[in-house]
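Order-wise, the sequence lines are chains A and B. All residue numbers for the first sequence refer to my numbering, where the first residue is 7 and numbers rise by one. All residue numbers for the second sequence refer to my numbering, where the first residue is 7 and numbers rise by one. Report on one structure; see the data block that follows.
2 protein chains.
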Amino acid sequence: MTSNEAARARKERVDAVRNREAVLAAADDLFARSDSPRGVSMDDVAAAAGVGKGTLFRRFGDRTGLIRAVVEARIEPLRQAVEEGPAPLGPGTPPRERVPALLDAVLEFKLANRHLSLALEEAGSGSPYRTEYYQWWHATLRQTLDRIPGHADSGFTAHALLAATRADLVEHLAGTEGMTGERVRADLAAHVAKVLGG
Amino acid sequence: MTSNEAARARKERVDAVRNREAVLAAADDLFARSDSPRGVSMDDVAAAAGVGKGTLFRRFGDRTGLIRAVVEARIEPLRQAVEEGPAPLGPGTPPRERVPALLDAVLEFKLANRHLSLALEEAGSGSPYRTEYYQWWHATLRQTLDRIPGHADSGFTAHALLAATRADLVEHLAGTEGMTGERVRADLAAHVAKVLGG
DNA sequence: TATTTAAACGGACCCACGGTCCACATCGTA
DNA sequence: TACGATGTGGACCGTGGGTCCGTTTAAATA
């Protein structure tokens, strides 16, 4: 597959690669610094990356595409861990243990990348629910829930549990409200436990 | 109070009242019709209400203020029912019965006013969590949860439960995904039951 | 009813921002 | 070195939220 594509298409230019990475790094940095995602404009990113605006849109399509790419880069290791890693995140984990682990991982990611996650969720075009990113978490969580005997409504439950980790809620609790990350994690864990019954 | 103010300040002008109502009606209508809240601009509202743009901003401050006012008008009866109505919404209801009723009411409202709720939640300035609207639901729900013996984390639980009724989630389920309103309500009810334990 | 006054009005105007366009630069190849 | 394909950058555009201010008009006053 990959080799096919590589063989068919001409190799990616080295300057293109350099620019793409500069843009991703600049965007990551800017989002991390600014208070609100809206405070980061595409011009800002272009300027910080030392690149023209056109380049930015050529590579990433639109603002949402750029944000997605940045998130993608950040979340890659976690995705790997969930898809083929060891317990408690990997697919071999018993479901009653994996569900809390997955949600805790999501929450930790959002705590560690607050502004970025916020940016992704409020990225204009379409709801967060249509993104590949969300769909993947939802599908994974749902499948795991389905493996718990006697558990119904796994689809809705997965949505409801993920909703408890929404970026703006996390930001509200950990930012505005001043809760520590640990406290939020503990509260989420307790909540998940309730939902799983026991 | 009210009479004092009325006595001190000049009476509100009749044209002002008429315009305010025209704007609210026009906005309500436009949001209900349009597919996405972003499809409704302030100019659109002004034009539909037969009013100048300046008037609009003078009355409502900004776009968010306008949306809030429209929602406020729509939700008034529900608020009344929760604050001083009979069971199952009113304050006299036993908490184990009231919590599901409150959440179902929230969900029903969002189902009946999908676009409007969506508009409110994605209204730019600040997170939804800082609005008086959300704070009130959260406080009410939290207090009710606190009356259930042995229930901890009422603050987080209230957030988590309300998160399961987020407008964009509702829109995704009932709109994109094609679920009926009744189905969503049933799923939410089941979820709430799990959280309350039983 | 005539006069006065301040609240309300409306739409021209401003500007920030996402996104497009295209003349020009640069890379990889022959 | 020459040449096509790919990439670049920044001037430019449209849209939409929000402001400004000269004009209108309802209400208080005489």
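Cβ coordinates follow ideal geometry from the N, Cα and C atoms, glycine included. On a predicted model such as this, the values are computed, not experimentally measured, just so you know.
For this session: Report buried or exposed for residue 201(B), applying the criterion of at least 16 other Cβ atoms within 10 angstroms of its Cβ.
Result: Indexing the second sequence from 1 puts residue 201(B) at position 195. That one is buried.
Exercise. What's the C-alpha gap between residue 63(B) and residue 199(A)?
Worked result: Taking the first residue of the second sequence as 1, we reach residue 63(B) at position 57. Taking the first residue of the first sequence as 1, we reach residue 199(A) at position 193. If you take the alpha carbons of residue 63(B) and residue 199(A), they lie about 47 angstroms apart.
Exercise. If we count the other Cβ atoms within 10 Å of its Cβ and call it buried at 16 or more, is residue 131(A) buried or exposed?
Worked result: Here residue 131(A) refers to the residue found at position 125 of the first sequence. When all chains shown are included, residue 131(A) counts as exposed.
For this session: Closer than 8 angstroms, Cβ to Cβ, to anything on chain A: give me those residues from the segment 81–109 of chain B, in chain order.
Result: Against chain A - using a Cβ distance shorter than 8 angstroms - the segment 81–109 of chain B contributes no residues.
Exercise. Checking contacts by CB at 8 angstroms: is residue 60(A) closer than that to chain B?
Worked result: Numbered from its first residue, the first sequence carries residue 60(A) at position 54. It does not: the Cβ of residue 60(A) has no partner Cβ on chain B nearer than 8 angstroms.
Problem set entry | Spatial neighbours of residue 148(B) in its chain, beta-carbon cut-off 7 angstroms, leaving aside the 5 residues before and after | Counting from 1 along the second sequence, the entry for residue 148(B) is found at position 142. Take residue 148(B), set aside five residues on each side of it, and the residues of its chain with a beta-carbon closer than 7 angstroms to its own are 160, 161, 164, in chain order.
For this session: Would you tell me roughly how many angstroms separate the C-alpha atoms of residue 186(A) and residue 20(B), rounded to the nearest one?
Result: Reading the first sequence from its first residue, position 180 is the one you call residue 186(A). Reading the second sequence from its first residue, position 14 is the one you call residue 20(B). The straight-line gap from Cα to Cα measures roughly 52 angstroms.
Exercise. Going along chain A in order, which residues have a C-beta closer than 7 angstroms to the C-beta of residue 163(B)?
Worked result: Against the second sequence, residue 163(B) aligns to sequence position 157. Those are 197, listed as they occur along chain A.
Exercise. Mind listing which residues of the segment 118–139 of chain B have their C-beta closer than 8 angstroms to chain A's C-betas, in chain order?
Worked result: For the segment 118–139 of chain B, which is checked against every Cβ of chain A, the residues closer than 8 angstroms are 128, 130, 133, 134, 135, 136.
Problem set entry | Sequence-distant residues of the same chain with beta carbon closer than 8 angstroms to residue 34(A), five excluded per side | For the purposes of this step, residue 34(A) is identified with residue 28 of the first sequence, where counting begins at 1. Excluding sequence positions up to five before and after residue 34(A), its CB lies within less than 8 angstroms of the CB of 76, 79, 80, 122, all in the same chain and listed in chain order.
Problem set entry | Closest residue to residue 42(A) among 82(B), 152(B), 133(B) (Cα-Cα distance) | Along the first sequence, one-based indexing puts residue 42(A) at 36. Checking every option, the nearest Cα to that of residue 42(A) belongs to 133(B).
For this session: Report back the beta-carbon spacing between residue 106(B) and residue 195(B) to the nearest angstrom; my notes put them in contact at under 8 angstroms.
Result: To locate residue 106(B), count along the second sequence from 1; it is residue 100. To locate residue 195(B), count along the second sequence from 1; it is residue 189. Confirmed, Cβ separation roughly 6 angstroms.
For this session: Assign residue 38(B) to one of two classes, buried (16 or more other C-beta atoms within 10 Å of its C-beta) or exposed (fewer than that).
Result: Residue numbering aside, residue 38(B) sits at position 32 when the second sequence is read from its first letter. So residue 38(B) ends up on the exposed side.
Problem set entry | Selection from 98(B), 87(B), 73(B), 116(B) that minimises the alpha carbon distance to residue 150(B) | Here residue 150(B) is taken as the residue at index 144 of the second sequence, counted from 1. Answer by Cα proximity: 98(B).
For this session: Give the DSSP-derived three-state secondary structure of residue 25(B) in the structure shown.
Result: Walking along the second sequence from the start, residue 25(B) turns up at place 19. The answer is helix: DSSP assigns residue 25(B) an H, G or I state.
Problem set entry | Cβ-based contacts, 8 angstroms cut-off: residues of the segment 41–67 of chain B near chain A | Of all residues in the segment 41–67 of chain B, 44 have a Cβ within less than 8 angstroms of some Cβ in chain A.
Exercise. Are the segment 134–144 of chain A and the segment 49–65 of chain A in contact at 8 angstroms, needing three or more beta carbon pairs?
Worked result: No, the segment 134–144 of chain A is not in contact with the segment 49–65 of chain A.
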